[in-house]
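What the sequence shown shows, in full-length UniProt numbering, is residues 1 to 351, in sequence order.
Don't be surprised by glycine CBs; every beta carbon is placed ideally from N, CA and C.
As structure tokens, the structure follows; a few thoughts come after it.
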Amino acid sequence: MSSQDIPEENLPAAQRGTHAPKPADDKNPFADPGLPPHEHRIQDIDERAAKRSERTVALLFTVSMLATIGFIASFVAIPHDKSIYVFPLGHVNAMNLALGLTLGVALFTIGAGAVHWARTLMSDEEVADERHPIEASPEVRAKVHADFKQGAKESVIGRRKLIRNTMLGALTLVPLSGVVLLRDLGPLPGTKLRHTLWNKGKLLVNMNTNEPMRPSDIAVGSLTFAKPEGLDEHDHGFQNEIAKAALMLIRLEPEAIKDKRELEWSHEGIVAYSKICTHVGCPISLYEQQTHHALCPCHQSTFDLADGARVIFGPAGHALPQLRIGVNDEGYLEALSDFEEPVGPAFWERG
Ligand code: FES
């Protein structure tokens, strides 16, 4: 059905009359093609179709509410370290997956509901607006005010109470996703960062090969990552433990080591430092052989590994903790104790 089938007095103000084409003239060098005749949507002329659209929009907003509730339930109910197998990703953290999916659905369905509402139920009339001076006159401001009220009226939000109520519900619930995440700001870790899996006699295992290491396996100038023996990536709690115990092994020329304690805690120039940055805990992964500097890729904190891993640049406020190492009777590298200071972000210790 076209606009000609609807009595003009029943049309919204913006749809009455047409914007007629205008030929080019001296003032306007380009011809104005005008607006094409308006084609009404099925929802404009069939109340049952409009009701169907209304129910679809309400369904999308309701799905958003359920997804937000699912988000909160996932956050509360799924253990932080639970992993599940997902093809083709492999093992992923179950809580992260659930949070991502539910929040994605909650936001998507709000957007989809709003778009469907706008496309099927709000006015879709094209309106020609003539250019006018930038400064708005009182009449224009009054017209904007009137247009705003007209827009609110044409959005049918007053009449479609089901849409209004479900939209308000979805928009009210979705911010709760952010609020519940605030729980992760606490509690403070207390003494948890003071203890790692390292202790006297624990072998240093190469993180790539899973083999214990001898000093001869580590070349001068190389960077090797190590973990405590017995810590397997399929173990329950692996992520928590490796986040505290991950180690960098660097072999320096002993005479290049400036710090006396560092030299005493090393073995034949091999020094072992926590791989966890003392700023906010990113894994350090870059090492510059000539300068003996280790660089954190997150915010560029730089540590001098030949001088007690002190901070020489960047936001980290604390040197990297060093692990005291030696070799056992069979010639394998082993820890001689746990770290003597907490690993990871130093700001936990403030105040
Ligand atoms: S986490 Fe390393 S510099 Fe910020």
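Reduced DSSP category for residue i - H, G, I as helix; E, B as strand; rest coil
i: Thr224; result: strand
i: Ser83; result: strand
i: Ala14; result: No answer about Ala14 holds up, because its pLDDT of 44 lies below 50 and its placement is not dependable.
i: Asn210; result: coil
i: Arg48; result: helix
i: Ala128; result: coil
i: Val115; result: helix
i: Lys202; result: coil
i: residue 352; result: Lying before the first or after the last residue shown, residue 352 is absent from the chain, which here runs from 1 to 351.
i: Arg251; result: strand
i: Glu340; result: coil
i: Glu233; result: coil
i: Glu330; result: coil
i: residue 355; result: With the chain represented from 1 up to 351, any question about residue 355 goes unanswered, as that position is not in the structure.
i: Pro7; result: With a pLDDT of only 47 at Pro7, under 50, the local geometry of the prediction cannot be trusted, and the value read off the model is given with reservation. The answer is coil: DSSP assigns Pro7 none of H, G, I, E or B.
i: Met65; result: helix
i: Ala316; result: coil
i: Ala219; result: coil
i: Leu60; result: helix
i: Leu99; result: helix
i: residue 353; result: Not covered by the structure: residue 353. The range shown for the chain is 1 to 351.
i: Leu121; result: coil
i: Leu197; result: coil
i: Ile78; result: coil
i: Thr109; result: helix
Residue i - partner residues in DSSP beta bridges
i: Lys244; result: In DSSP, Lys244 forms no bridge with anything.
i: Leu323; result: Ala272
i: Phe303; result: Ala294, Val311
i: Ala335; result: Ile325
i: Asn93; result: Ser83
i: Asp32; result: Lys22
i: His267; result: Ile270
i: Glu54; result: Looking at the DSSP assignment, Glu54 forms no beta bridge with any residue, so it has no partner.
i: Glu288; result: His293
Cβ pair residue i, residue j closer than 9 Å
i: Trp117; j: Ser53; result: yes
i: Pro215; j: Arg251; result: yes
i: Arg183; j: Phe75; result: yes
i: Arg160; j: Leu101; result: no
i: Leu176; j: Thr68; result: yes
i: Phe71; j: Leu99; result: yes
i: Ile163; j: Ala49; result: no
i: residue 360; j: Lys200; result: Given that the chain is displayed from residue 1 to residue 351, the structure contains no residue 360 and the question cannot be resolved.
i: Asp81; j: Gln239; result: yes
i: Val205; j: Ile110; result: no
i: Pro254; j: Leu263; result: yes
i: Ala170; j: Ala106; result: yes
i: Pro297; j: Ile284; result: yes
i: Ala136; j: Val127; result: no
i: His299; j: Val280; result: yes
Cβ separation of residue i and residue j, assumed to be a contact under 8 Å, to the nearest whole Å
i: Ile218; j: Ile270; result: 6 Å
i: Met207; j: Phe61; result: With 8 Å as the limit, Met207 and Phe61 do not qualify as a contact, their Cβ atoms being about 48 Å apart.
i: Val343; j: Pro315; result: About 17 Å separates the two Cβ atoms, so there is no contact after all.
i: Thr196; j: Ala245; result: 4 Å
i: His318; j: Ala294; result: With a Cβ gap of about 14 Å, His318 and Ala294 do not count as contacting.
i: Asp259; j: Gly221; result: Not confirmed; about 18 Å, so no contact.
i: Val327; j: His234; result: Val327 to His234, Cβ: 29 Å. No contact.
i: Leu223; j: Tyr287; result: 4 Å
i: Ile84; j: Ala77; result: At roughly 14 Å, the Cβ-Cβ gap does not stay under 8 Å, so Ile84 and Ala77 are not in contact.
i: Leu305; j: Tyr273; result: 6 Å
i: Glu125; j: His38; result: 6 Å
i: Pro36; j: Pro21; result: That pair is no contact at about 10 Å.
i: Arg194; j: Trp265; result: Not really, about 18 Å apart at Cβ, beyond 8 Å.
i: Leu231; j: Ile242; result: 7 Å
Any non-hydrogen atom of ligand 3 within 8 Å of residue i CB
i: Ser285; result: With respect to ligand 3, the structure shown offers nothing to examine, as its ligands consist of ligand 1.
> Curious, which full-length alpha helix (DSSP H) runs of at least 4 residues does the segment 133-194 contain?
Replying inline: Runs of the alpha helix (DSSP H) inside the segment 133-194: 138-154, 161-173, 175-181.
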